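Quick notes on the structure that follows.
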Amino acid sequence: MKFERIPFAALLLGFGVALPAFADDLIVKIGHVAPITGQQAEIGKDNENGARMAIEDLNSKGMVIGGKKVHFELIAEDDGADPKQGTAVAQKLVDENVSGVIGHLNSGTTIPASTIYFNAGIPQISPSSTDPQYTHNGYTSAFRVVANDIQLGQALGRYAVKDLKAKNVAVVSDMTSYGNGVASEFTKAAKAAGAQIVDQEYTNDKSTDFQAILTTIKGKKPDLVFYGGMYSQAGPLIRQARALGIDSKFVGGDGICVPKLADLAGAAIGTDTVYCAEAGGVTPDREKVMEDFRARFKKKYGVEVQIYAPYVYDAVMVMADAMKKANSSDPSKYLPFLAKESYEGVTGRIEFDDHGDIKNGTLTLRTYRAGKLEKLEVLH
Numbered sequence: 024m025k026f027e028r029i030p031f032a033a034l035l036l037g038f039g040v041a042l043p044a045f046a047d048d049l050i051v052k053i054g055h056v057a058p059i060t061g062q063q064a065e066i067g068k069d070n071e072n073g074a075r076m077a078i079e080d081l082n083s084k085g086m087v088i089g090g091k092k093v094h095f096e097l098i099a100e101d102d103g104a105d106p107k108q109g110t111a112v113a114q115k116l117v118d119e120n121v122s123g124v125i126g127h128l129n130s131g132t133t134i135p136a137s138t139i140y141f142n143a144g145i146p147q148i149s150p151s152s153t154d155p156q157y158t159h160n161g162y163t164s165a166f167r168v169v170a171n172d173i174q175l176g177q178a179l180g181r182y183a184v185k186d187l188k189a190k191n192v193a194v195v196s197d198m199t200s201y202g203n204g205v206a207s208e209f210t211k212a213a214k215a216a217g218a219q220i221v222d223q224e225y226t227n228d229k230s231t232d233f234q235a236i237l238t239t240i241k242g243k244k245p246d247l248v249f250y251g252g253m254y255s256q257a258g259p260l261i262r263q264a265r266a267l268g269i270d271s272k273f274v275g276g277d278g279i280c281v282p283k284l285a286d287l288a289g290a291a292i293g294t295d296t297v298y299c300a301e302a303g304g305v306t307p308d309r310e311k312v313m314e315d316f317r318a319r320f321k322k323k324y325g326v327e328v329q330i331y332a333p334y335v336y337d338a339v340m341v342m343a344d345a346m347k348k349a350n351s352s353d354p355s356k357y358l359p360f361l362a363k364e365s366y367e368g369v370t371g372r373i374e375f376d377d378h379g380d381i382k383n384g385t386l387t388l389r390t391y392r393a394g395k396l397e398k399l400e401v402l403h
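Number 403 marks the last residue of the sequence shown (the numbering used here); no jumps.
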């Protein structure tokens, strides 16, 4: 007796089992990693939602690769902003055979994870990690779609002295890869512009009690305090500083450029007393596109964009565009196309230099006014 092999999908249909609409599609898995738990969960979820929105938009467009309709799947992981957890989920994504990874959010998790992705030949685009080291390890698989700490810290250092008229500056770092990097670049730029660094203090990214270092800072009488770290610590730091009678201006990097900072700092946030820079930003000709994205995002998720969701969205889109141009989701085949990408996204034109850094990265200077984060200017 001769038996014919019956396709599994046909067998299921024969038994009346409904198949998903994408059963015959080419399944392409895209990994995303951010801290979804812990003190940075709010911006981690913001990033993840940006990725989900991009995946849904891609699937609605019906991209075709190799003659087959593509169905993108998001494999989302939580690294808790912890390097050890970050490398564990990186290996998990490699084992899942993802075609690419968007993430991680923090430099401290992105950098160690990048070694795992590179060894596996999997392209990685970070939408928010700013430590220069990430793209300077010689890994051809590493890319980022925002400016780095050198640009960020130097712009803030110059702005603090020339525009905010700071003369005596205290610097605080949370001792993470990100915090140390942006604080170091700020310090160099502020000194070069003529400021005196009257104090340098250190904490960690889990602290909530800053009384000791703030008491020392108060004795140095700075007219500006720079914090290299995230909003979850910056909020209590600013609140406790004001309670101690420190009336200095506060400046920080993109880690504090989050609406949630105003909630954590309370009335201490003030108006035109806390400044930050977002590692990205759109020029006037792109403002309508960004406004439309933000409105669509809020309608979909019921919350405002925190900071990097648009960059995550663009990172997913530019990765998918490289696959389309290569006519393959195989990392080894589309990676060369990704390196040569020129893509017009929500955040602007995305092109990478030889290191994998975005060309012509922008920065957005912001301040808090009456509890709201407002844009001052976009710098190139």
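In this text, a Cβ means the ideal position worked out from N, Cα and C, and glycines have one as well.
Treat the numbers as computed from the prediction; the structure is a model and nothing was measured.
{"Asked": "Integer-rounded CB distance, given that I125 should sit under 8 Å from H55", "Found": "5 Å"}
{"Asked": "Identified DSSP bridge partners for K88", "Found": "Residue identity check: residue 88 is Ile in the sequence provided, not Lys. In the DSSP output, where bridge partners are listed per residue, I88 has K91."}
{"Asked": "Exposure label - N383; buried when at least 16 CB within 10 Å", "Found": "exposed"}
{"Asked": "Endpoints, beta strand (DSSP E) assigned at Q219", "Found": "219-225"}
{"Asked": "Classification of G276 by the beta-carbon crowding that lies within 10 angstroms, buried from 16 upward", "Found": "buried"}
{"Asked": "Residue interval of the alpha helix (DSSP H) (run including N142)", "Found": "130-143"}
{"Asked": "Span of the beta strand (DSSP E), counted from its first residue to its last, around V195", "Found": "191-196"}
{"Asked": "Collapsed DSSP secondary structure at I269 in the structure displayed", "Found": "coil"}
{"Asked": "V40 burial status per 10 Å Cβ neighbour count (16 or more: buried)", "Found": "Note that V40 scores 48 on pLDDT, short of 50, meaning its location in the model is unreliable and no value can be drawn from it."}
{"Asked": "Where the beta strand (DSSP E) through I148 begins and ends", "Found": "147-149"}
{"Asked": "DSSP state of F166 mapped onto helix, strand, coil", "Found": "strand"}
{"Asked": "Cβ pair E65, K229 closer than 8 Å", "Found": "no"}
{"Asked": "Range of the contiguous beta strand (DSSP E) that encloses F249", "Found": "247-251"}
{"Asked": "One or two residues paired with K214 in a DSSP bridge", "Found": "For K214, which the question treats as bridged, DSSP gives no partner whatsoever."}
{"Asked": "Sequence-distant residues of its chain with Cβ nearer than 7 Å to G289 (five each side left out)", "Found": "R262"}
{"Asked": "Classification of I50 by the beta-carbon crowding that lies within 10 angstroms, buried from 16 upward", "Found": "exposed"}
{"Asked": "Environment of A318 [buried if 16+ CB atoms lie within 10 Å]", "Found": "exposed"}
{"Asked": "Contact under 8 Å by Cβ, A257 with A178", "Found": "no"}
{"Asked": "Identity of the residue in Q223, H378, R167, V117 nearest K133 by Cα", "Found": "In the sequence as presented, Lys is not what sits at residue 133; that position holds Thr. Cα-wise, what sits closest to T133 is R167."}
{"Asked": "6 Å CB neighbourhood of E364 in its chain, flanking five on each side removed", "Found": "V341, A345"}
{"Asked": "Euclidean distance between Cα positions of T370 and S83", "Found": "21 Å"}
{"Asked": "Where T239 sits in the DSSP three-state scheme", "Found": "helix"}
{"Asked": "Among A291, A215, V312, the one whose alpha carbon lies nearest that of R372", "Found": "V312"}
{"Asked": "Rounded separation between V335 and P150 - CA only", "Found": "5 Å"}
{"Asked": "The stretch 246-255 / the stretch 186-196 touching (three or more Cβ pairs under 8 Å)", "Found": "yes"}
{"Asked": "Pick from G109, I173, I53, S164 that is closest to S355, judged by C-alpha positions", "Found": "S164"}
{"Asked": "Backbone secondary structure at Y366 - three-state DSSP", "Found": "strand"}
{"Asked": "Given 8 Å, three or more beta-carbon pairs between the stretch 178-187 and the stretch 102-116", "Found": "no"}
{"Asked": "Distance, Y366 Cα to R273 Cα", "Found": "Contrary to the premise, residue 273 reads as Phe rather than Arg in this sequence. When rounded, the distance between both Cα atoms is 36 Å."}
{"Asked": "Candidates S352, D48, F320, L361, of which the one nearest A338 by Cα", "Found": "L361"}
{"Asked": "For G176 and V93, the rounded distance between their alpha carbons", "Found": "41 Å"}
{"Asked": "Spatial neighbours of H378 in its chain, beta-carbon cut-off 7 Å, leaving aside the 5 residues before and after", "Found": "T158, H159"}
{"Asked": "Backbone CA spacing between V410 and L128 [nearest angstrom]", "Found": "No statement about residue 410 is possible, as the shown extent of the chain runs from 24 to 403 and does not include it."}
{"Asked": "Where the alpha helix (DSSP H) through A332 begins and ends", "Found": "332-349"}
{"Asked": "Own chain partners of A170 with C-beta closer than 6 Å, once the 5 adjacent residues on each side are dropped", "Found": "A302, G384, L386"}
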